[in-house]
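Below you'll find the structure, written out as structure tokens, and then a few comments.
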Amino acid sequence: MPAEASSAVLAVEGLSKRFGGVVAVDDCSFEIERGSVVGIIGPNGSGKSTLFNLLTSVLRPDAGVVRYRGERIEGLPLYQIARQGIGRTYQSVKIFRDLSVWMNLEIAAMGRGRSDWEVPARQWLERFGLTHLVNDTSDTLSIGQQRLLELAMNLAMSPDLLLLDEPLAGVNPVVRDTIADAVAALRREGKTFLIIEHHMNFVMRLCDKIVVMDHGEKIAEGVPEAIRRDERVINALLGKGTTRA
Amino acid sequence: MIVSRVMRRWLWFSGAVATAAAAPFVAPHPFLFNLLIQAAVWALLTASWDLLSGYTGQISFGHSGFFAIGAYTAAGLAFHLHVSPWFGLVAGAALCSLVGLCVGFPALRLRGHYLALVTLGFAEIIRLVAQNWISVTGGPFGMHDFGTLPGLPAAPLAHSEVLYLVVLAIAAAAIALALFVCEHTNAGKAFRAIREDQVLAESHGINIKIYKLYAFSLSAALAGLAGGLYAFSIGLVDPNLASPLTSAMILGMAVFGGLGTIWGPALGAVLLFMMSEGLRFIGVVYNLIAFGAVIMVFVIFVPRGIAGLKLGRRTRISRRDATQSKQVGAASDSVQQREVT
Ligand SMILES: Nc1ncnc2c1ncn2[C@@H]1O[C@H](COP(=O)(O)OP(=O)(O)O)[C@@H](O)[C@H]1O
Ligand SMILES: [Mg+2]
Numbered sequence: 478m479p480a481e482a483s484s485a486v487l488a489v490e491g492l493s494k495r496f497g498g499v500v501a502v503d504d505c506s507f508e509i510e511r512g513s514v515v516g517i518i519g520p521n522g523s524g525k526s527t528l529f530n531l532l533t534s535v536l537r538p539d540a541g542v543v544r545y546r547g548e549r550i551e552g553l554p555l556y557q558i559a560r561q562g563i564g565r566t567y568q569s570v571k572i573f574r575d576l577s578v579w580m581n582l583e584i585a586a587m588g589r590g591r592s593d594w595e596v597p598a599r600q601w602l603e604r605f606g607l608t609h610l611v612n613d614t615s616d617t618l619s620i621g622q623q624r625l626l627e628l629a630m631n632l633a634m635s636p637d638l639l640l641l642d643e644p645l646a647g648v649n650p651v652v653r654d655t656i657a658d659a660v661a662a663l664r665r666e667g668k669t670f671l672i673i674e675h676h677m678n679f680v681m682r683l684c685d686k687i688v689v690m691d692h693g694e695k696i697a698e699g700v701p702e703a704i705r706r707d708e709r710v711i712n713a714l715l716g717k718g719t720t721r722a
Numbered sequence: 003m004i005v006s007r008v009m010r011r012w013l014w015f016s017g018a019v020a021t022a023a024a025a026p027f028v029a030p031h032p033f034l035f036n037l038l039i040q041a042a043v044w045a046l047l048t049a050s051w052d053l054l055s056g057y058t059g060q061i062s063f064g065h066s067g068f069f070a071i072g073a074y075t076a077a078g079l080a081f082h083l084h085v086s087p088w089f090g091l092v093a094g095a096a097l098c099s100l101v102g103l104c105v106g107f108p109a110l111r112l113r114g115h116y117l118a119l120v121t122l123g124f125a126e127i128i129r130l131v132a133q134n135w136i137s138v139t140g141g142p143f144g145m146h147d148f149g150t151l152p153g154l155p156a157a158p159l160a161h162s163e164v165l166y167l168v169v170l171a172i173a174a175a176a177i178a179l180a181l182f183v184c185e186h187t188n189a190g191k192a193f194r195a196i197r198e199d200q201v202l203a204e205s206h207g208i209n210i211k212i213y214k215l216y217a218f219s220l221s222a223a224l225a226g227l228a229g230g231l232y233a234f235s236i237g238l239v240d241p242n243l244a245s246p247l248t249s250a251m252i253l254g255m256a257v258f259g260g261l262g263t264i265w266g267p268a269l270g271a272v273l274l275f276m277m278s279e280g281l282r283f284i285g286v287v288y289n290l291i292a293f294g295a296v297i298m299v300f301v302i303f304v305p306r307g308i309a310g311l312k313l314g315r316r317t318r319i320s321r322r323d324a325t326q327s328k329q330v331g332a333a334s335d336s337v338q339q340r341e342v343t
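Going down the list, the protein sequences come from chains A and B. The first sequence begins at 478 in the numbering used here and counts up one residue at a time. The second sequence begins at 3 in the numbering used here and counts up one residue at a time.
Structure, rendered in structure tokens:
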């Protein structure tokens with residue numbers, strides 16, 4: 478019921494997706510409260526990225542319902558989901574590689590039809606230390622800088638909900654801190670995030686709630702302290718050798 | 003600084019057009035003007051291809067089809083219905099923009115080689131129709147005696163001079179329109195975003211279907227306009243206009259000039275056309291071999307074409323970085339292909 482689910486920005490019910498014989502996402506349900514940061518953890522191949530792709534219509538779900546601010550959005554085209562205020566990043570950085578840093582931002586603003594983006598864009602570039610690179614081809618940036626650019630392209634458009642797929646993967650500790658600080662600051666401002674991440678420090682420190690996935694299923698959901706002590710979670714994460722905590 | 007770069011581009015463009023308009027009057031001869039008219043038509047045709055394939059990344063191997071439709075429409079309306087050539091030019095472009103939509107629609111689901119094959123097939127259909135619909139198209143021998151643009155002087159030299167200036171003005175205006183759309187409008191940003199990464203473009207709110215159709219339709223219209231200009235300045239249209247060779251030459255000229263810049267392919271077309279005509283004295287096969295050799299050299303050593311020459315160093319650096327960055331995270335996202343469109 479949309480009226481009752483007023484505090485949930487995003488509500489996922491029974492979402493499923495199979496690829497041939499593999500059930501990548503299996504009957505997943507959870508909710509994200511407005512202003513909260515929800516973490517998704519789980520071993521490699523447990524369906525986390527596929528879940529993001531289902532939420533943003535990069536892939537079409539086999540079953541399930543996704544409600545965004547009470548309205549069903551599953552099956553809407555990806556571009557409409559973006560225009561409704563859902564931003565996302567990809568596990569392997571996605572930026573427009575042959576174009577300048579600034580053009581990347583211009584395109585992000587153009588696609589969403591925003592006109593009030595330049596000031597925040599410059600602020601994010603400044604904060605991420607990319608200001609001197611605005612006219613450079615984004616291909617020439619380091620991996621960490623590319624991730625920051627991808628993030629800035631989303632943040633400057635102030636999305637209502639931001640999905641981050643392993644934002645800390647493959648970046649050096651300095652960039653890692655920059656990203657963690659940005660998320661922490663935005664969290665204090667009441668922004669809503671859904672974050673896939675392996676770095677347990679980050680997840681435990683910043684998330685209000687954690688969803689744990691294994692083999693496509695949600696095996697646990699709760700506040701960080703509870704998840705830390707959950708037997709099934711420990712087995713799932715340690716059993717697969719995913720000890721990168 | 004950005005403003006000045008934009009200004010500089012348009013200043014160069016205006017300068018090039020002014021030079022093209024003035025230069026042949028140094029040694030005026032109908033033969034020279036005739037060559038330059040064809041060069042201007044090739045420039046427009048190649049620029050139109052670049053709008054679709056260079057900017058949007060939708061590789062068309064069928065632009066000869068649009069070129070032929072524009073030429074036959076203009077010639078046919080004048081020949082059969084005695085309509086004003088001006089109207090014929092516009093009608094040819096308009097019909098092409100519709101046909102462009104029709105070709106673009108199924109192409110929304112296709113990429114790369116498949117799209118190239120569909121467009122190649124389209125052009126082949128146009129060629130076969132032109133060859134076999136004899137009552138309308140004149141069949142294999144084509145159409146002639148359908149007249150030229152109205153109001154031109156009768157004296158041969160004056161005629162070719164004025165005709166050249168008119169064709170140049172229309173072609174330059176159309177190329178300027180393509181350049182404007184690609185560099186100064188939201189559509190131009192969307193085109194580049196689509197070329198770079200379609201999923202990412204959509205993730206940032208871009209309706210890629212609409213913009214692909216826009217690119218197809220505008221590109222086809224400009225190619226059709228080039229066809230109409232060709233018809234009225236050369237005075238003969240035949241089924242070979244739609245041949246794959248025409249499309250291959252467009253592609254070669256565009257690569258030579260530098261994809262995704264509009265002015266590069268236009269300039270590339272002029273230079274390569276003049277080169278192959280200039281080399282006709284060594285034989286009509288040898289000049290095509292030279293044409294092919296130049297394109298091969300450019301593809302291998304100057305992949306960004308004439309337009310990218312000054313950027314040579316930057317390009318090399320960025321390519322090295324691209325290969326490095328692809329190794330990170332590629333394992334997982336390589337399976338994340340698009341399913342929903
Ligand atoms: N587009 C796809 N086609 C086929 N199989 C896929 C596709 N995307 C993901 N998978 C499979 O689904 C499972 C979950 O993958 P993924 O969502 O990437 O996991 P995670 O992000 O948790 O590491 C894996 O077995 C993966 O191989
Ligand atoms: Mg993943």
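Virtual Cβ for every residue (Gly too), placed ideally from N, Cα, C.
- If the five residues before and after residue 504 of chain A are omitted, its C-beta is found closer than 6 angstroms to the C-beta atoms of 491 and 493, all from its own chain and listed in chain order.
- Three or more Cβ pairs closer than 8 angstroms define a contact, and the segment 209-221 of chain B meets that threshold against the segment 59-68 of chain B.
- At a Cβ-Cβ threshold of 7 angstroms, residue 42 of chain B and residue 170 of chain B count as neighbours.
- In this structure the segment 227-239 of chain B lies against the segment 84-93 of chain B, because at least three pairs of beta carbons, one per stretch, are closer than 8 angstroms.
- Listed along chain B, no residue sits closer than 9 angstroms to residue 707 of chain A by beta-carbon distance, the nearest being about 25 angstroms off.
- For residue 493 of chain A, no alpha helix (DSSP H) run applies; the uninterrupted beta strand (DSSP E) run containing it begins and ends at 485-496, by DSSP.
- Taking the C-beta atoms as reference points, residue 64 of chain B is found nearer than 7 angstroms to residue 122 of chain B.
- Within chain B, no residue has its beta carbon less than 7 angstroms from that of residue 514 of chain A; the closest one is some 21 angstroms off.
- Chain-ordered, the chain B residues with CB closer than 7 angstroms to the CB of residue 575 of chain A read 198.
- Fewer than three Cβ pairs drawn from the segment 602-620 of chain A and the segment 663-682 of chain A lie within less than 8 angstroms of each other, which leaves the two stretches out of contact.
- Proximity of residue 185 of chain B to chain A, defined by a Cβ-Cβ separation below 7 angstroms, is not satisfied.
- Membership of residue 544 of chain A in the beta strand (DSSP E) is indicated by the continuous run 540-545.
- Residue environment: residue 135 of chain B is assigned as exposed (fewer than 16 neighbouring CB atoms within 10 Å of its CB, all protein chains considered).
- Cβ atoms of residue 709 of chain A and residue 696 of chain A come within 8 angstroms of each other, at about 5 angstroms.
- Interface annotation, residue 209 of chain B: in contact with chain A, CB-CB separation under 7 angstroms.
- Among the residues of the segment 621-633 of chain A, those with a Cβ less than 8 angstroms away from any Cβ of chain B are 623 and 630, in the order of the chain.
- Taking a Cβ-Cβ cut-off of 9 angstroms, the neighbours of residue 201 of chain B in chain A comprise 535, 555, 567 and 571, given in sequence order.
- Set against 6 angstroms, the gap from the CB of residue 523 of chain A to the closest heavy atom of ligand 2 is not smaller.
- For residue 534 of chain A, the distance from the CB to the nearest heavy atom of ligand 2 is not below 6 angstroms.
- Beta-carbon to beta-carbon, residue 237 of chain B and residue 146 of chain B are separated by about 6 angstroms, close enough to satisfy the 8 angstroms threshold.
- Cβ-Cβ separation between residue 53 of chain B and residue 252 of chain B: approximately 12 angstroms, too far for a contact (criterion under 8 angstroms).
- Counting only runs of 3 or more residues that sit fully inside the segment 81-116 of chain B, no beta strand (DSSP E) segment turns up.
- Put simply, the CB of residue 588 of chain A is near chain B, with a gap under 7 angstroms to one of its CB atoms.
- Remark: three or more beta-carbon pairs, one from each stretch, lie closer than 8 angstroms, so the segment 523-541 of chain A and the segment 681-693 of chain A are flagged as touching.
- Among the CB atoms of chain B, none fall inside 7 angstroms of the CB of residue 672 of chain A.
- If you compare the alpha carbons of B:211, B:142, B:159 and B:175 with that of residue 20 of chain B, the shortest gap goes to B:175.
- For residue 564 of chain A, the secondary structure class from DSSP, reduced to helix, strand or coil, is strand.
- Taking 7 angstroms as the CB threshold, residue 206 of chain B lines the interface with chain A.
- Using a Cβ-Cβ cut-off of 9 angstroms, residue 665 of chain A is close to nothing in chain B; its nearest Cβ partner there is about 26 angstroms away.
- In terms of CA proximity to residue 651 of chain A, A:625 leads the group A:625, A:685 and A:668.
- In the DSSP assignment, residue 509 of chain A forms a beta bridge with A:487.
- Taking all protein chains shown into account, residue 678 of chain A has fewer than 16 neighbouring C-beta atoms within 10 Å of its C-beta and is therefore exposed.
- Interface criterion not met: the Cβ of residue 511 of chain A is under 7 angstroms from no Cβ in chain B.
- Residues of chain A with a Cβ closer than 7 angstroms to the Cβ of residue 289 of chain B do not exist, since the nearest Cβ in that chain sits about 34 angstroms away.
- Between residue 196 of chain B and residue 189 of chain B, the CB-CB gap reaches or exceeds 7 angstroms.
- Within chain B, the residues 204, 205, 206, 207 and 208 have their CB atoms less than 9 angstroms from the CB of residue 559 of chain A, given in chain order.
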